[in-house]
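Q:
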Amino acid sequence: MTGRLTVVGLGPGSPLQISPEALSAVEQATDFFGYGPYVERLALKAHQRRHASDNREEISRAAAALELAARGGQVCVVSGGDAGVFAMAAAVCEAMETGPETWRRVDFSVVPGITAMLAVAAKAGAPLGHDFCAISLSDNLKPWSIIEKRLVAAAEAGFVMAFYNPVSKARPHQLGDAFDILRQHLPGTVPVIFGRAAGRPDERIRIETLADARSDMADMATCIIVGSVETRLIAREGKAPLVYSPRSWSAGKA
Ligand code: SAH
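In the working numbering, the protein residues as written are 2 to 255.
Listed below in structure tokens is the structure:
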């Protein structure tokens with residue numbers, strides 16, 4: 002049998018936010034590779050095997066999955082959210098690019114999922130209604146100076162920004178530094194959404210202004226959306242305000 006490797010995004014956490022295509026890919030595979038908590042999330046049958054690994058072992062995990070598929074295995078590599086957004090789809094491509102020819106003969110596909118920023122945006126209103134970008138604040142795979150440059154460029158270009166990997170124990174100061182940089186380029190009134198564990202039972206959505214945003218409002222399970230100068234709030238009696246970015250850009254504000 003030809004080996005198959007499917008990279009599947011499992012959505013942000015709620016079972017209702019896994020696509021039927023992802024569920025069907027999971028049903029057809031026999032071997033599952035991924036970061037422990039994602040592999041654990043799968044309801045597997047007796048003949049299906051879990052190969053859980055640590056969060057930082059992406060390339061060796063991708064290589065092991067490709068090798069099994071090259072030997073005829075029916076393999077799924079799983080990620081949270083969308084597998085192509087700061088996740089395993091790119092890691093598998095990186096391994097494939099430099100690995101043995103047999104890995105490139107595998108029947109390879111990627112099944113999309115709902116990424117964290119979309120789940121958080123939907124909870125807050127429509128903050129991504131106009132142009133936006135996504136930035137990982139982790140400097141494990143790129144220098145912090147690049148991140149600083151991108152923050153300034155995105156603020157000056159008027160993009161709404163979604164931050165992934167905002168903080169970790171090894172990187173406690175970076176989110177605060179990022180807010181400090183943005184405060185030099187954007188008004189303090191810009192809304193900032195802290196979306197924690199979107200789609201999970203412990204979900205929490207918090208809306209602040211850039212002036213008041215602090216790094217201790219986020220952890221590794223938080224996706225942060227920083228508005229543009231156009232992003233605004235609609236106050237609602239007895240309910241959280243809606244945050245939205247209008248579809249058109251007002252002249253003269255850029
Ligand atoms: N592939 C994932 C992102 C992996 S990077 C996706 O598409 O969502 C890991 C980062 O994603 C976390 O640090 C956090 O910023 C964000 N994240 C993942 N799941 C989340 C959730 N349920 N709620 C909020 N943010 C989440």
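All C-beta atoms, glycine included, are put in the ideal place defined by N, C-alpha and C.
Just so it is clear, the structure is predicted and the values come from calculations on it, not from any experiment.
(1) Note down the Cα distance separating Val8 from Ala90, rounded to an integer number of angstroms.
(2) Let me confirm a value: Ala255 is counted as buried when at least 16 other C-beta atoms fall within 10 Å, else exposed. Which label applies?
(3) Look at the alpha carbon of Leu176 and the alpha carbon of Pro242, and state the distance between them as a whole number of angstroms.
(4) Would Ala179 pass as a contact of Leu152 if the rule is Cβ separation under 7 angstroms?
(5) Looking only at C-alpha atoms, which of Gly196, Glu149 and Met162 sits nearest to Asp181?
(6) Taking 7 angstroms as the limit between beta carbons, can you name the residues of its chain near Gln18, skipping five residues before and five after?
(7) Out of Thr232, Lys240, Arg215 and Ala53, point me to the one whose CA is closest to Trp250's CA.
(8) What is the rounded straight-line gap between the Cα of Thr31 and the Cα of Glu95?
(9) Could you say which of Lys143, Ala222, Arg184 and Gly130 lies nearest to Lys170 if we only look at CA atoms?
(10) Would Ser80 be called buried (16 or more neighbouring beta carbons within 10 Å of its own) or exposed?
(11) What ranges does the beta strand (DSSP E) occupy inside the segment 89-122, keeping only unbroken runs of at least 3 residues that lie completely in it?
(12) Give, in chain order, every unbroken run of the alpha helix (DSSP H) that is at least 4 residues long and sits entirely within the segment 25-69.
(13) So does Met97 have its beta carbon nearer than 6 angstroms to some heavy atom of the ligand SAH?
A: Taking the coordinates as given:
(1) 6 angstroms
(2) In this prediction, Ala255 has a pLDDT of 49, which is less than 50 and means its spatial position is unreliable; what the coordinates show is noted afterwards. Classification for Ala255: exposed.
(3) 24 angstroms
(4) Yes.
(5) Glu149
(6) Gly12, Ile115, Ala120 and Gly200
(7) Thr232
(8) 23 angstroms
(9) Ala222
(10) buried
(11) Listed in chain order, they are 108-112.
(12) 37-41
(13) no
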